[in-house]
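Taking our numbering, the leading residue of the sequence shown gets 3, the next gets one more, and so forth.
Note that CB positions come from ideal geometry on N, CA and C, so glycine has one too.
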Amino acid sequence: MSPFYLSEGKENYLKKEALNKLKDKIIPRQYEDFNLHFMNANQFTGQEIVEAAYQIPFNNKL
């Protein structure tokens, strides 16, 4: 699993389905509020997206 995923395309339904499957597989529900960030590239700078990607997940076992 990768720490960062980028989704692009016009089929919003398919993107949401893929995201939900991935989310259910890798993020425990009790940590979802802490470890999940949705970011629209049109609303954030590249620097802000990179900084979010480098944040250490809550309850991470290093």
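- Residue ALA43 holds the alpha-carbon nearest to the alpha-carbon of GLY11 among GLN32, SER4, GLU34 and ALA43.
- The Cβ atoms of LYS17 and SER9 lie closer than 7 Å to each other.
- The C-alpha of PHE6 is placed about 6 Å away from the C-alpha of ALA55.
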